[in-house]
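Student:
In my numbering, the protein residues as written are 2 to 332.
#1: Is it buried or exposed, residue 177, if we count other Cβ atoms within 10 angstroms and call 16 or more buried?
#2: What's the gap between the Cα of residue 315 and the Cα of residue 322?
#3: Assign residue 162 to one of two classes, buried (16 or more other C-beta atoms within 10 Å of its C-beta) or exposed (fewer than that).
#4: Return helix, strand or coil for residue 318, following the three-state DSSP convention.
#5: With H, G and I counted as helix, E and B as strand and the rest as coil, what does DSSP make of residue 87?
#6: From residue 62 to residue 140, what distance separates their C-alpha atoms?
#7: CA-CA distance, residue 119 and residue 205?
#8: Does at least one heavy atom of the ligand GDP sit under 7 Å from the Cβ of residue 241?
#9: Check whether the region 82-101 touches the region 226-245, taking contact to mean three or more Cβ pairs, one atom from each stretch, closer than 8 Å.
#10: Return helix, strand or coil for residue 147, following the three-state DSSP convention.
#11: Excluding five sequence neighbours on each side, which residues of the same chain lie with their C-beta closer than 6 Å to the C-beta of residue 115?
#12: In the DSSP assignment, what residue or residues form a beta bridge with residue 103?
#13: Measure the alpha-carbon distance for residue 89 versus residue 107 and round it to whole angstroms.
#14: With respect to the alpha helix (DSSP H) encompassing residue 154, which residues constitute its N-terminal and C-terminal limits?
#15: In the DSSP assignment, what residue or residues form a beta bridge with residue 181?
#16: How is the beta strand (DSSP E) around residue 299 delimited, first residue to last?
#17: Check whether the region 177-189 touches the region 272-288, counting contact only when three or more Cβ pairs, one atom from each stretch, lie closer than 8 Å.
#18: Only counting the same chain, and skipping five residues up and downstream in sequence, which positions put a Cβ closer than 6 Å to that of residue 260?
#19: Give the DSSP-derived three-state secondary structure of residue 129 in the structure shown.
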């Protein structure tokens, strides 16, 4: 397999990577829960720790050869360091396994082999992709900013392929306007948070994009990170990476992709539509109802856990590539 590292103007340089995360009644209940216990745990900034011999960064190497034509240094976003791999591997949101940041051990319960991603809906060529199929796409390494709605940020080197490649493989019909991404869910494995009771939550985790967003050059499926396959807490074996949007748009452990003419009811937008928008673009001048988005806390490049406060960039700094998808005149 050949991995081609492509660096356009919106890429970070390698030097910038951090070194080696009944409906109406239910909505009212969940919104209240979000405003209390869940939000407090999500906003925590505890230092990740490991107390056993499990390696949180474990994965199988993905072979890569780099074409010198794409080995460009710098770029308009080369102003921050790559996040430490160990910190990135032990500070994660993965709500299927709980509401705190230290769920990486719980995520090891996920079995990913065998794995199937079913792709269907309004497509000419519905397909089922297994792990081998996913690695047959032309793979790239892309160093992206990662911005959480909780106002913390990382810089991460993903391995994967553009979402456009999957679109080309299944050929959506002209009637398809949206794409629904559904994550793996088994209540025996993905037990969710203790509060509110997981049974009240709208499982499975679902996210969505407009077709125009999915075909953007930046929209990416990651199957690896830091030079190897995804550890389970990062969303193995395949996850969404949409770097101009908040991190909750990045559905993990995707099991189904469906092209549709209807806007999907997505997980966080269902729970609390006043706080988590379907679009979910990084916009520093549009505050979350309970905190500002004007600044972010960049996680350290070192193995120890520390923060650096920085101004938040519109579209997470990717405006050159995505601004034409949106109309901000009303803001």
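The beta carbon of each residue, even a glycine, is placed where N, CA and C say it ideally should be.
Tutor: So, to answer that:
#1: On the chain shown, residue 177 is found 176 positions in, with the first residue counted as 1. Buried is the call here.
#2: Within the chain shown, residue 315 is the residue found at index 314, counting from 1. Within the chain shown, residue 322 is the residue found at index 321, counting from 1. C-alpha separation (whole angstroms): 12 Å.
#3: Taking the first residue of the chain shown as position 1, residue 162 is located at position 161. Its Cβ being crowded by 16 or more others within 10 Å, residue 162 is buried.
#4: The sequence position of residue 318 within the chain shown is 317, counting from 1. Note: residue 318 maps to helix in three-state DSSP.
#5: Counted from its first residue, the chain shown places residue 87 at position 86. Correct three-state label for residue 87: helix.
#6: For this step, residue 62 is matched to residue 61 along the chain shown. For this step, residue 140 is matched to residue 139 along the chain shown. Whole-angstrom Cα-Cα distance: 13 Å.
#7: Counting from 1 along the chain shown, the entry for residue 119 is found at position 118. Counting from 1 along the chain shown, the entry for residue 205 is found at position 204. Cα to Cα, the separation comes out at about 15 Å.
#8: In the structure on display, the ligand GDP does not appear, and there are no ligands present to speak of.
#9: yes
#10: For the purposes of this step, residue 147 is taken as residue 146 along the chain shown, with counting starting at 1. Of the three classes helix, strand and coil, the one that applies to residue 147 here is strand, per DSSP.
#11: Position 114 of the chain shown, counted from the start, is the residue given in the question as residue 115. Closer than 6 Å at Cβ, skipping near neighbours: no residue.
#12: Start at 1 with the first residue of the chain shown, and residue 103 comes out as number 102. DSSP output for residue 103 lists no bridge partner at all.
#13: Position 88 of the chain shown holds residue 89. Position 106 of the chain shown holds residue 107. Computed Cα separation, rounded: 16 Å.
#14: Taking the first residue of the chain shown as position 1, residue 154 is located at position 153. Looking at the DSSP string, residue 154 is not in any alpha helix (DSSP H); the run it does join, the beta strand (DSSP E), is 153-163.
#15: Walking along the chain shown from the start, residue 181 turns up at place 180. DSSP, once it has assigned bridges, lists 209, 259 as partnering residue 181.
#16: On the chain shown, residue 299 is found 298 positions in, with the first residue counted as 1. Where residue 299 is concerned, the enclosing beta strand (DSSP E) stretches over 296-300.
#17: no
#18: Numbered from 1 along the chain shown, position 259 holds the residue referred to as residue 260. These residues qualify, in order along the chain: 122, 123, 124, 173, 177, 180.
#19: Taking the chain shown and counting its residues from 1, one reaches residue 129 at position 128. Strand.
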